[in-house]
Amino acid sequence: MLTALASGVLLGLASGLAPGPLLALVLAQTLKHGRREGFKVAVSPLITDAPIILLALLVAAKAAKFRQVLGIVSLAGGAFVLYLAWETFRPAAASSEGKAGKPGSWTKGILANLLSPHPWLFWLTVGSATLAKSMAESWLAAAAFLFGFYLLLVGSKLALAVLAAKSRGLLAGQPYVWVMRVLALMLGVFAILLFQEGLKHLGVI
467 MLTALASGVL LGLASGLAPG PLLALVLAQT LKHGRREGFK VAVSPLITDA
517 PIILLALLVA AKAAKFRQVL GIVSLAGGAF VLYLAWETFR PAAASSEGKA
567 GKPGSWTKGI LANLLSPHPW LFWLTVGSAT LAKSMAESWL AAAAFLFGFY
617 LLLVGSKLAL AVLAAKSRGL LAGQPYVWVM RVLALMLGVF AILLFQEGLK
667 HLGVI
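Just so you know, the numbering used here puts 548 at position 82 of the sequence shown, and the rest follows in order with no gaps.
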């Protein structure tokens, strides 16, 4: 059980701190709307990952046939992240005092996670393999793995949201504009990578 917990902690921390659309969105929503909105994005995997895990366990043995589905998910995710990049860049000229419109953090976080191939790929590969190994040991070991994984996956993003929220006061005015533009650029790069990944899965490139 301790081995399963340690595996979950290590994989959760690595996944939580890995650059990606969800992490960039956590920072963008925190800087734009405050810590609470960043928190909403950070916990979105707790809502979206249950069906992903179940589907991944069911189709792990047929991963080759699942490549086309991953390709479509990647392309849809790229389009959505590109929209997020534009939305993050566009309000940058406005002040951070409530002119950026409704946050919509729950919706953005859930869609960003569901339409990103990264959680799917994780659970189709190392995630499902580690979970299956833990389940073979005991249900308690499987629970320990999932607990450790999500504690660090979500916890690391919450910690980054807290740090970002504390820096909001230092980013008033022009620094805020440039930080948001950098985040928008990061989201744009992730969108391009998702498009590329989707085309690879579909065999186009």
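We put the beta carbon where it would ideally sit given N, CA and C, even for glycine.
A quick note: this is a predicted structure, and the numbers were derived from the prediction, not measured.
query: Selection from Gly474, Arg502, Ser473 and Thr469 that minimises the alpha carbon distance to Ala625; result: Arg502
query: Alpha helix (DSSP H) segment containing Gly478, residue limits; result: Leu468 to Leu483
query: Beta-carbon gap between Leu550 and Leu491 smaller than 9 Å; result: yes
query: Other residues of its chain near Gly543: CB distance less than 6 Å, five sequence neighbours each side excluded; result: Leu581, Ser582 and Leu660
query: Minimum length 4: unbroken alpha helix (DSSP H) runs contained in the segment 569-656; result: 571-580, 583-588, 594-603 and 605-632
query: Proximity test, Cβ basis, 9 Å: Met467 and chain C; result: Going by chain labels, chain C is absent from the structure shown, which holds only one protein chain.
query: For Leu523, the first and last residue of its enclosing alpha helix (DSSP H); result: Ser510 to Val525
query: Residues near Trp589 in its chain [Cβ-Cβ closer than 6 Å; skip 5 each side]; result: Ile518, Ile519 and Ala522
query: Delimiting residues of the alpha helix (DSSP H) encompassing Val492; result: Pro487 to His499
query: Leu660 - DSSP class collapsed to helix/strand/coil; result: helix
query: Length of the line joining the Cα atoms of Leu612 and Ser540; result: 25 Å
query: Pair within 9 Å by beta-carbon distance, Ala494 and Leu665; result: no
query: Exposure of Gly669, with buried meaning 16 or more beta-carbon neighbours within 10 Å; result: exposed
query: Coil, strand or helix - Leu668 by DSSP; result: coil
query: Residue environment, Ala595, which counts as buried when at least 16 other CB atoms sit within 10 Å; result: exposed
query: Distance CB(Gly575)-CB(Gly478) smaller than 9 Å; result: no
query: 9 Å Cβ cutoff met for Thr496 and Ala627; result: yes
query: Option nearest Thr514 by Cα separation, candidates Asn579, Met646 and Pro641; result: Asn579
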